[in-house]
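In our numbering, the protein residues as written are 20 to 309. Cβ coordinates follow ideal geometry from the N, Cα and C atoms, glycine included. Presented below is the structure to which this report refers.
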DNA sequence: CGGGACTCCTGAGGGC
DNA sequence: TGCCCTCAGGAGTCCC
C-alpha cells in the first residue's frame, strides 16, 4: 500500500518530469473512482502548466496555474506513470507486475502534454481519487483539515505524543494508523514500527511508558526516512519488473511473515498474525511481549 | 465525542 | 481445469 514514504518518492520523481509541462487534453476512461469524477474539472486544465507537486500525509497536491489544485490519493492500488516521447514507461509507483498490455485496462485518467508526454493515473481497485480545490480552500478540505502532524516534522514529538495518549484505551497499533494522531502511516509501517520498537500491537496506548514513547518516536522517524532514501520499502527490488510478490516483502520484518522465524537472530519464535479492528496485524510474541 | 463496524473495489490465491 | 470463497485495506460515514 502506498504509505508516506512511497507517496514521497512518487512526488519527487514525478515533479522532476512534469513540472512546467503544458496540459493539452485530459482523457477520462473511468469516472467512478473513490469519488465520482467531474469531467468539467479536467477540461479547465487545458493549456495550464503544473507549477509544482507537494505532499501532505499520503496525499499528493498538483498545483496548477490559476490557483487550481488537484488533490490525489492513491488508495490501495493507485499509480502514476510518466510516458515520454520515446514511449518508455517510467515507473513512478509501485507494487504490481506491470504486464503493460493487461495493465492498460486500469488506466483511469490520462493527462496529455504538449510535446507528446503523458501522465497516466492507473488504479486497479479504484480506491484512489482525484479531486479539485483551489489555493485558498484546499487546506480546509474534508481530507486535509483533520490530519495530524507529519511524522517527520518537529510537531510529532514527545510532548505531543504523551499528551495525546492520555486516557486512550485503544491498541497502540490503531493509534499509529489514526491519521488524526499521526498522518501518513498505514498498516505495513504500523506493524514494522511496533516490531522495531518492541511493543505489542494490542498494548493500550495510555499505558505506554515514557521510554517506550521516546523509542517509538525515534524509530518511526528512522523507518520512514530510511524507506524514503531507499525509494520506498515496498518498491524495493521491484524495478526488475518481475513483480514477484516475495521481492518486496523480503524487506519487512513482520508484515506478511506469519509462520516465519523472527528476524532477530537470537529469537527462536515465529511471527504470528492476528486481527485488530479487522486489520491484519503481525508481531513476534517474544520480542513484542508487552 | 471516541471509536468500532461497515463500505467502496478487483484480483490473487486457496480449497475442492 | 474451473468455480467459489476469502482476503487485501485507506478513509469516509454511520451509529452506539
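- Message: Looking at residue 272: is its Cβ nearer than 9 angstroms to the Cβ of residue 215?
- Response: yes
- Tell whether a beta-carbon distance below 9 angstroms holds between residue 146 and residue 97. yes
- Query: With burial defined as no fewer than 16 other Cβ atoms inside 10 Å of the residue's Cβ, what is the status of residue 205: buried or exposed?
  - Reply: buried
- Message: By alpha-carbon positions, which one of 286, 171, 211, 76 ends up nearest to residue 244?
- Response: 171
- Query: Which residues in the same chain have their Cβ closer than 7 angstroms to the Cβ of residue 217, if we skip the five residues on either side of it in sequence?
  - Reply: 306, 307
- Query: What do you get for residue 86, buried or exposed, if any count of 16 or more other CB atoms within 10 angstroms of its CB means buried?
  - Reply: exposed
- Item | Anticipated Cβ contact below 8 angstroms, residue 90 with residue 157, distance rounded | 6 angstroms
- What are the start and end residues of each continuous beta strand (DSSP E) run of 3 or more residues lying completely inside the stretch 72-101, in chain order? Those beta strand (DSSP E) runs which fall completely within the stretch 72-101 and span 3+ residues are 78-83, 87-92.
- Query: Does the pairing of the stretch 31-50 with the stretch 61-81 give three or more beta-carbon distances under 8 angstroms?
  - Reply: yes
- Task: Tell whether a beta-carbon distance below 9 angstroms holds between residue 148 and residue 82.
- Result: no
- Which whole-angstrom value is the C-beta distance of residue 63 and residue 131, which I expect to be below 8 angstroms? Between residue 131 and residue 63 the Cβ distance is about 15 angstroms, and since that is not below 8 angstroms, they are no contact.
- By a C-beta neighbour count over all protein chains shown, 10 Å radius and 16 as the cutoff for buried, is residue 195 buried or exposed? buried
- Nearest-angstrom Cα separation, counted from residue 163 out to residue 60: 20 angstroms
- Message: Using DSSP's beta-bridge definition, name the partner residues of residue 142.
- Response: 97
- Task: May I ask you to list the residues that DSSP assigns as paired with residue 289?
- Result: 280
- Query: What residues match up with residue 223 in a beta bridge as DSSP calls it?
  - Reply: 190
- Mind checking whether residue 295 and residue 186 have CB atoms under 9 angstroms apart? no
- Task: Using a threshold of 9 angstroms, state whether the C-beta atoms of residue 219 and residue 301 are closer than that.
- Result: no
- Message: Considering Cα atoms alone, identify which of 76, 226, 84 is closest to residue 25.
- Response: 76
- Query: Going by beta carbon distance, what residues of the same chain come within less than 6 angstroms of residue 139, once the five residues before and after it are set aside?
  - Reply: 100, 126, 129
- Of the residues 222, 166, 173, 212, the one placed nearest residue 184, counting alpha carbons only: It is 222.
- Close Cβ partners of residue 136 (< 8 angstroms) along its chain, the five nearest in sequence each way excluded: Correct list, in chain order: 36, 37, 40, 101, 102, 103, 104.
- Message: Starting from residue 44, trace the beta strand (DSSP E) in both directions and tell me its first and last residue.
- Response: Where residue 44 is concerned, the enclosing beta strand (DSSP E) stretches over 42-47.
- From this set, 234, 299, 304, which residue's C-alpha is nearest residue 289's C-alpha? 304
- Message: Is the beta carbon of residue 200 closer than 9 angstroms to that of residue 235?
- Response: Against a cut-off of 9 angstroms, the Cβ pair of residue 200 and residue 235 comes out as no contact.
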